[in-house]
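J.: Position one of the sequence shown corresponds to residue 2 (this note's numbering), numbered consecutively onward.
We put the beta carbon where it would ideally sit given N, CA and C, even for glycine.
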Amino acid sequence: MNISEIYRQKLLSIPEAVGKVQSHQTIGVAMAASEPPGLLTELGKHRDRLEDVKVWVCLPLGAYDFVLDPSMEGHFFVENWFYGVADRKVHSQGRESYIPNNLHEAASRKLYAAKNHVNVYFGTATPPDSRGFLSLSLGLVIEKQLIEAADLVIIEVNENLPRTHGDTQLHISEVDYLVENHVPPAQLQPTVPSEAEESIGGYIAEMIEDGSTLQLGIGGIPNAITSFMLNRRDLGIHTEMFTDGMVDLYEAGVITNKRKTQWKGKMVGAFALGTQKLYDFINDNPGVEFQQGSVTNDPYVIGRNYKMVSINTALQVDLMGQVCSQSIGNRHFSGTGGQLDTHRGAQLSEGGRGIIALRSTAKNGALSTIVPMLSEGAEVTVPSHDVDTIVTEYGVADLKGLCLRDRASALIKIAAPQFRDQLKEEIQRLGIVPRM
Ligand code: COA
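(1) Restricting to Cα atoms, I'd like to know which of Thr27, Asp319 and Thr192 is closest to glutamate 427.
(2) Decide if the segment 228-247 is in contact with the segment 381-396; the criterion is three or more beta carbon pairs, one per stretch, under 8 Å apart.
(3) Please report the distance separating the alpha-carbon of glycine 336 from that of proline 101.
(4) So serine 195 and glutamine 170 are supposed to be a Cβ contact under 8 Å. How far apart are they, rounded?
(5) Decide if the segment 52-63 is in contact with the segment 18-31; the criterion is three or more beta carbon pairs, one per stretch, under 8 Å apart.
(6) Return helix, strand or coil for arginine 305, following the three-state DSSP convention.
(7) Assess contact between the segment 147-167 and the segment 121-133, defined as three or more Cβ pairs (one per stretch) separated by less than 8 Å. Is contact present?
(8) Give me whichever residues DSSP pairs with tryptophan 1 in a beta bridge.
(9) With H, G and I counted as helix, E and B as strand and the rest as coil, what does DSSP make of leucine 171?
(10) Any idea what DSSP makes of glutamate 199, helix, strand or coil?
(11) In the DSSP assignment, what are the bridge partners of valine 119?
(12) Look at the alpha carbon of phenylalanine 334 and the alpha carbon of alanine 379, and state the distance between them as a whole number of angstroms.
(13) Mapping the DSSP letters down to three states, classify glycine 45 as helix, strand or coil.
(14) Just tell me which of Gln10, Gly218 and Ala271 has its CA closest to the CA of aspartate 168.
(15) Check each candidate in Lys308, Tyr301, Asn298 and Val184 and name the one with the smallest Cα separation from leucine 236.
(16) Just checking leucine 368 against the ligand COA - is the residue's beta carbon closer than 6 Å to any of the ligand's heavy atoms?
(17) What does the alpha-carbon distance come out to for the pair alanine 34 and glutamate 52?
(18) Under 6 Å from any heavy atom of the ligand COA, does the C-beta of glycine 322 make it?
(19) Which residues mark the beginning and the end of the alpha helix (DSSP H) in which leucine 112 is found?
(20) Just tell me which of Val296, Met268 and Val68 has its CA closest to the CA of glutamate 43.
(21) Does the segment 412-419 come close enough to the segment 297-317 to have 3 or more Cβ pairs within less than 8 Å?
(22) Using the three-state DSSP reduction, which class does glutamate 160 fall into: helix, strand or coil?
(23) Could you say which of Asn81, Leu403, Gln10 and Pro71 lies nearest to isoleucine 143 if we only look at CA atoms?
(24) Output yes or no for whether 7 Å exceeds the beta carbon distance between isoleucine 47 and valine 19.
(25) How would you label glycine 353, buried or exposed, when you count the other beta carbons within 10 angstroms and need 16 or more for buried?
(26) Under a Cβ-count criterion, where at least 16 other Cβ atoms within 10 Å of its own Cβ denotes burial, should cysteine 404 be classed as buried or exposed?
(27) Compute the Euclidean distance between the alpha carbons of serine 295 and histidine 183, then round it to the nearest angstrom.
(28) Nearest to aspartate 422 by CA position, among Arg408, Met437 and Asn3, is which residue?
(29) By how many angstroms is the C-alpha of isoleucine 329 removed from the C-alpha of glutamate 97?
(30) If we ignore side chains and look at the alpha-carbon of each, how far apart do leucine 349 and serine 131 end up?
(31) Are the CB atoms of glycine 338 and phenylalanine 83 within a distance shorter than 7 Å?
(32) Are there 16 or more other CB atoms within 10 angstroms of the CB of arginine 408, so buried, or fewer, so exposed?
(33) At a cut-off of 6 Å, would you count leucine 316 as near the ligand COA, judging by its Cβ distance to the nearest heavy atom?
(34) Between which residues of its own chain and glycine 396 is the CB-CB distance below 7 Å, once the five residues before and five after are set aside?
(35) Would the beta-carbon of proline 191 fall within 7 Å of that of asparagine 224?
(36) Using a Cβ-Cβ cut-off of 7 Å (strictly less than) and excluding sequence neighbours within five positions of lysine 278, which residues of its own chain qualify?
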């Protein structure tokens with residue numbers, strides 16, 4: 002049978018495909034720009050025939066009824082590895098909860114906890130090529146592990162998705178049903194850097210030597226700093242997330258991947274989220290290698306890169322060096338993702354450095370993000386014993402190996418000036434006398 006014939010036999014309408022889901026089942030969903038908007042929009046319409054369906058998602062981008070609509074209570078429960086905007090609202094309503102994890106072992110841990118059972122996989126891919134291979138395109142973090150574990154694999158085919166290189170191939174024989182939905186892929190627009198972010202970018206650029214390999218995390222700051230690296234040479238990319246800023250650096254001749262010690266000549270990462278510029282760049286580009294999150298984010302794999310520098314963002318850092326990047330107090334905000342993986346991996350690398358960059362204030366200067374103690378309920382993303390370098394617009398605190406007294410001093414020096422005296426007083430009340 003030829004591939005077109007197999008394709009036709011597996012093709013269903015979106016309602017027919019979602020009709021395969023039964024009550025009490027678990028659905029594993031592809032993440033971020035790989036999520037299948039057609040299947041997920043349809044899911045909520047099956048509320049009345051479904052109860053107790055568990056849906057595992059990660060960084061969902063769309064606004065879907067099965068998540069947002071209170072009448073879905075009892076019909077669907079969302080377990081989420083990394084929150085997006087909509088999830089923050091639903092969290093306290095009891096229909097959604099967060100799965101703590103490090104990204105490199107996210108899928109395997111969850112599969113283990115579920116006794117390796119995913120009933121249905123919902124994902125996206127390109128149409129098959131003449132040999133029957135679809136490309137998983139924009140996401141490979143947890144997708145292949147979920148596909149291998151699922152009883153039923155349902156793929157939303159989208160001809161607008163880029164065909165990407167690496168471990169992204171999925172043969173049509175591994176797919177049970179296909180649906181078609183040729184919509185533009187979800188995009189994330191870069192933000193314009195603020196003055197504070199520009200200063201942070203300047204400090205970070207000074208720490209990056211020619212020939213380094215970079216990981217850039219999610220959020221405004223990692224993207225903002227790329228413009229400060231235009232005079233560096235022969236940088237490489239080993240990341241979790243491919244971003245627009247990397248395309249700019251490649252096109253400016255800064256990223257060559259020539260001096261990398263693994264995947265030489267190629268950028269390596271696990272998912273892409275950005276604008277159409279990024280998606281055009283990675284389309285059929287043999288210089289961009291997608292590998293599974295269990296590979297890209299394994300700290301020991303990251304650590305084999307020479308001069309590996311990870312750059313991630315946080316919401317709060319306390320004076321002992323505990324980093325919170327995933328909650329605002331007890332309000333869950335995002336997730337650990339690959340922050341601890343990459344921060345640890347960078348420190349395992351010869352000449353490497355783990356950087357956490359944050360603006361020194363939040364809420365238009367009303368709050369210091371450098372605090373004596375993390376807020377009640379805050380989740381620690383990087384523990385104090387793992388932390389390396391913290392950067393704000395006021396400078397760099399190199400915390401590795403420093404005792405608590407010296408950490409407090411180094412962090413107070415990079416706090417916003419109007420909060421420094423108060424920080425000194427409060428830390429002394431906690432029994433630590435900073436050396437200023
Ligand atoms: N107290 C109260 N509110 C705070 C705050 C604090 N200490 N720090 C930030 N906020 C508010 C900001 O004011 C902003 O609110 P607004 O949207 O109303 O303006 C909001 O929280 C988001 O802050 P911002 O710094 O703009 O977020 P970001 O989009 O740059 O993302 C993280 C930053 C930390 C949330 C994001 O990087 C993250 O989730 N990191 C963890 C995972 C990770 O790093 N993975 C790495 C591999 S991809």
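T.: Checking against the coordinates, here is how it stands:
(1) Asp319
(2) The segment 228-247 makes no contact with the segment 381-396: fewer than 3 CB pairs, one atom from each, lie closer than 8 Å.
(3) 7 Å
(4) Rounded, the Cβ-Cβ distance is 41 Å, inconsistent with contact.
(5) yes
(6) coil
(7) yes
(8) This structure cannot settle anything about residue 1, because the visible part of the chain is limited to 2 through 437.
(9) Leucine 171 sits in a strand when the DSSP states are folded into three classes.
(10) helix
(11) Ala151
(12) 10 Å
(13) helix
(14) Ala271
(15) Lys308
(16) yes
(17) 27 Å
(18) no
(19) 107-114 is the span of the alpha helix (DSSP H), which, as asked, contains leucine 112.
(20) Val68
(21) no
(22) coil
(23) Asn81
(24) Residue identity check: residue 47 is histidine in the sequence provided, not isoleucine. Cβ distance < 7 Å, so histidine 47 and valine 19 count as in contact.
(25) buried
(26) exposed
(27) 29 Å
(28) Met437
(29) 18 Å
(30) Roughly 43 Å between the two C-alpha positions.
(31) In this structure, phenylalanine 83 places its C-beta atom within 7 Å of the C-beta atom of glycine 338.
(32) buried
(33) yes
(34) Tyr204, Lys414 and Ile415
(35) yes
(36) Asp245 and Val248
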